[in-house]
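Asks: All the letters of the sequence shown, read from the start, carry residue numbers 28 to 393 under this note's numbering.
Quick one: this structure, given as structure tokens, is what I'll be asking you about.
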Amino acid sequence: MATALNAAVSLTSSKSSFLPATSSAIAPERVRFGKGAFYYKSNNVVTSRRVVSVRAEVTTDTPPVKKVEKESKKNEEGVITNKYRPKEPYTGKVLLNTKITADDAPGETWHMVFSHQGEIPYREGQSVGVIADGIDKNGKPNKVRLYSIASSALGDLGNSETVSLCVKRLVYTNDAGEVVKGVCSNFLCDLKPGSDVKLTGPVGKEMLMPKDPNATVIMLATGTGIAPFRSFLWKMFFEKHDDYKFNGLAWLFLGVPTTSSLLYTEEFDKMKAKAPENFRVDYAISREETNDKGEKMYIQTRMAQYAPELWELLKKDNTFVYMCGLKGMEKGIDDIMVSLAANDGIDWFDYKKQLKKAEQWNVEVY
28 MATALNAAVS
38 LTSSKSSFLP
48 ATSSAIAPER
58 VRFGKGAFYY
68 KSNNVVTSRR
78 VVSVRAEVTT
88 DTPPVKKVEK
98 ESKKNEEGVI
108 TNKYRPKEPY
118 TGKVLLNTKI
128 TADDAPGETW
138 HMVFSHQGEI
148 PYREGQSVGV
158 IADGIDKNGK
168 PNKVRLYSIA
178 SSALGDLGNS
188 ETVSLCVKRL
198 VYTNDAGEVV
208 KGVCSNFLCD
218 LKPGSDVKLT
228 GPVGKEMLMP
238 KDPNATVIML
248 ATGTGIAPFR
258 SFLWKMFFEK
268 HDDYKFNGLA
278 WLFLGVPTTS
288 SLLYTEEFDK
298 MKAKAPENFR
308 VDYAISREET
318 NDKGEKMYIQ
328 TRMAQYAPEL
338 WELLKKDNTF
348 VYMCGLKGME
358 KGIDDIMVSL
368 AANDGIDWFD
378 YKKQLKKAEQ
388 WNVEVY
């Protein structure tokens, strides 16, 4: 804080025009500070039979207080959101659309690649919106549906001009015995190369990757929830970047109902062979596997086999957990961690709040 001190001196009587030169300092503790200008008035001082009244004015020049913004641990700098909105979407082209589950899998999952000519500059962990052609039952255009992006920012072709999705075709029978087809998922899975597709976004910051290349990244996925983690892992292990080289641990847990439902296993095998010290993958196949107690092997069941190791990792400030998939999965993981945390005298739910605040616990479920 800069201060200016101005002193006004008045003489109350005069038989001589001479006043001996004197100097004095106003004791700081005698100056009272408030808002605006500050005033200090001394007692009268008698010098050479003259009464000297001293009034000091102290003003301050205080710079405005700048709000200190918390620096994100994630790769947030320069992230673009909502460049394209539902009223003015971007029209991309379908380059590839292929089924990636086996014929005997319970449901179809498709991998699709759309061209965006560099117009949708997304980051790993973001989502895009899709507007299916046609109108809804009320005669209005179909609403936008969000899908997690399954490709790195460079895209599957490595030229930053494509975006990939991993989509399960939604078909089910309702209580009336009627077969119901999800509008957007079926629209996407039926697309042919060369078709147009209306895209919005990109959106989201919750699932962005950590900036720290030495971080431990634990990824928990069910089914098509694998999408953002494929984008992470491509950047970590399949690409070269001048400003990023992953040296930490990437640990993926993927839960599916059957072996025929597993996704991108060939890619993960290549990553494991390429960086065995930096990549771990564990599958949980619920309809084919059980644990020692005979319980179905859901993702939380598989994680329970590594619970002490996972808990030790979660106590480190450079461990980041990402969860994507079915909403019920988080409760199963809470059930594992409650007792482990309690062994250390820690309330798990309070600790999870701290992790969320520190951007180390990130969830995108549906």
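All C-beta atoms in this analysis are idealised placements derived from N, C-alpha and C, irrespective of residue type, glycine included.
Please state whether DSSP places residue 394 in a helix, a strand or coil.
Replies: Because the chain spans 28 through 393 in this model, residue 394 falls outside it and cannot be assessed.
Asks: For the structure I just gave you, are there three or more beta carbon pairs, one from the segment 259-271 and one from the segment 126-139, closer than 8 Å?
Replies: Taking 8 Å as the limit for Cβ pairs, the verdict is that the segment 126-139 does not touch the segment 259-271.
Asks: Which residues in the same chain have their Cβ closer than 7 Å to the Cβ of residue 324, if we skip the five residues on either side of it in sequence?
Replies: Numbered from 1 along the sequence shown, position 297 holds the residue referred to as residue 324. If we look at residue 324 and ignore the five residues flanking it on each side, its Cβ neighbours are 311, 312, 313, 316, 317, 318.
Asks: When the Cα atoms are used, what is the spatial distance from residue 265 to residue 115?
Replies: Locating residue 265 in the sequence shown gives position 238, where the first residue counts as 1. Locating residue 115 in the sequence shown gives position 88, where the first residue counts as 1. Rounded to the nearest angstrom, the two C-alpha atoms are 34 Å apart.
Asks: Just to confirm, are residue 246 and residue 280 a CB contact at a threshold of 8 Å?
Replies: As a first step, residue 246 must be located in the sequence shown, where it is residue number 219. As a first step, residue 280 must be located in the sequence shown, where it is residue number 253. Yes, Cβ-Cβ distance for residue 246 and residue 280 is below 8 Å.
Asks: Just to confirm my understanding: we take residue 159, look at its own chain, exclude 5 residues before and 5 after, and list those with CB closer than 6 Å. What are they?
Replies: Translated into positions along the sequence shown, residue 159 becomes position 132. The answer, listed in chain order, is 169, 210, 211, 214.
Asks: Hey, how far is the Cα of residue 406 from the Cα of residue 339?
Replies: Because residue 406 is not part of the residues shown, which for the chain are 28 to 393, the question remains open.
Asks: Thinking C-beta only, is residue 251 closer than 8 Å to residue 194?
Replies: Position 167 of the sequence shown, counting from 1, holds the residue named residue 194. Position 224 of the sequence shown, counting from 1, holds the residue named residue 251. Cβ distance < 8 Å, so residue 194 and residue 251 count as in contact.
Asks: Considering only the alpha carbon of each residue, which of 157, 188, 153 lies closest to residue 176?
Replies: Position 149 of the sequence shown, counted from the start, is the residue given in the question as residue 176. It is 153 whose Cα lies nearest to the Cα of residue 176.
Asks: For residue 277 versus residue 263, is the C-beta spacing smaller than 8 Å?
Replies: As a working mapping, residue 277 is identified with position 250 in the sequence shown. As a working mapping, residue 263 is identified with position 236 in the sequence shown. Contact: yes.
Asks: Can you tell me the Cβ-Cβ gap for residue 326 and residue 356, rounded? I've got them flagged as a contact below 8 Å.
Replies: In the sequence shown, the residue the question calls residue 326 occupies position 299. In the sequence shown, the residue the question calls residue 356 occupies position 329. Confirmed, Cβ separation roughly 6 Å.
Asks: Closest Cβ-Cβ distance between residue 288 and chain B: below 8 Å?
Replies: No chain B appears in this structure, which consists of one protein chain only.
Asks: Less than 8 Å between the CB atoms is what I'm expecting for residue 111 and residue 228, so what's the real figure, rounded?
Replies: Start at 1 with the first residue of the sequence shown, and residue 111 comes out as number 84. Start at 1 with the first residue of the sequence shown, and residue 228 comes out as number 201. Indeed, because the Cβ distance is near 6 Å, the residues count as touching under 8 Å.
Asks: On the CB-based measure, 16 or more other CB atoms within 10 Å of its CB, does residue 303 come out buried or exposed?
Replies: Here the question's residue 303 lines up with position 276 in the sequence shown. With fewer than 16 Cβ atoms within 10 Å of its Cβ, residue 303 is classed as exposed.
Asks: Going by alpha carbons, who is nearest to residue 386 out of 173, 217, 239, 199?
Replies: Working through the sequence shown from its first residue, we reach residue 386 at position 359. Measuring from the Cα of residue 386, the nearest candidate turns out to be 239.
Asks: Measure the alpha-carbon distance for residue 205 versus residue 197 and round it to whole angstroms.
Replies: In the sequence shown, the residue the question calls residue 205 occupies position 178. In the sequence shown, the residue the question calls residue 197 occupies position 170. For residue 205 and residue 197, the distance between alpha carbons rounds to 14 Å.
Asks: Do residue 190 and residue 171 have their C-beta atoms within less than 8 Å of each other?
Replies: As a working mapping, residue 190 is identified with position 163 in the sequence shown. As a working mapping, residue 171 is identified with position 144 in the sequence shown. Taking 8 Å as the Cβ cut-off, residue 190 and residue 171 do not qualify as a contacting pair.
Asks: Taking the alpha carbon of residue 341 as the point to measure from, which residue in 108, 382, 147 has its own alpha carbon closest?
Replies: As a first step, residue 341 must be located in the sequence shown, where it is residue number 314. Taking only the C-alpha atoms, the option nearest residue 341 is 382.
Asks: Would you tell me roughly how many angstroms separate the C-alpha atoms of residue 269 and residue 162, rounded to the nearest one?
Replies: Sequence index remark: in the sequence shown, residue 269 carries index 242 (1-based). Sequence index remark: in the sequence shown, residue 162 carries index 135 (1-based). Approximately 46 Å, taken between the alpha carbons.
Asks: Residue 197 bridges to which residues according to DSSP?
Replies: Position 170 of the sequence shown, counting from 1, holds the residue named residue 197. DSSP output for residue 197 lists no bridge partner at all.
Asks: Looking only at its own chain, which residues have a Cβ that is under 6 Å from the Cβ of residue 393, when we skip the five neighbours before and after it?
Replies: Taking the sequence shown and counting its residues from 1, the one referred to as residue 393 is at position 366. Contacts found: none.
Asks: When the distance is taken between beta carbons, is residue 184 closer than 8 Å to residue 124?
Replies: Walking along the sequence shown from the start, residue 124 turns up at place 97. Walking along the sequence shown from the start, residue 184 turns up at place 157. Contact: no.
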